[in-house]
Amino acid sequence: MSQESSPLWEVFVRARRGLAHSHVGSLHAPDAEVALRNARDVYTRRQEGVSIWVVPAGAITASSPDEKDAFFDPAADKVYRHPTFYEVPEGAAHL
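Right, here's the structure in full:
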């Protein structure tokens, strides 16, 4: 199976001190196990990660940047979602 015919995988890495996985790139691989090993070799060569996710690119559903105004508009009328209604407790490191 050539690289072009192998599925495309999106790679996410959680850094040593990070709290969330970040998208770092893409690669072609025939299956998840090979994608995970290749992602480790390509994206964490300097041991900068503690966790890797590989996701088939075809499994990702994304909003369109062209429709951002209409897509995100309903959130503007939900003021309770904004962090103005509570105080952050002292000593809370990550909210």
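According to UniProt numbering, the stretch in the sequence shown is residues 1 to 95, in order.
All residues carry an ideal CB built from backbone N, CA and C; glycine is no exception.
Contact belief for residue i with residue j at Cβ below 8 Å, rounded distance in angstroms
i	j	result
G49	A15	6 Å
E10	S22	Rounded, the Cβ-Cβ distance is 11 Å, inconsistent with contact.
Identity of the residue in the options nearest residue i by Cα
i	options	result
P56	A32, V24, A93, S5	A32
S51	E67, A62, T61, A39	A39
Cβ-Cβ distance between residue i and residue j below 9 Å
i	j	result
A35	V54	yes
P7	A29	yes
T44	V13	yes
Reduced DSSP category for residue i - H, G, I as helix; E, B as strand; rest coil
i	result
R16	coil
E67	helix
G58	helix
Segment limits, alpha helix (DSSP H) that includes residue i
i	result
V34	32-43
Element boundaries [beta strand (DSSP E), containing residue i]
i	result
H23	21-28
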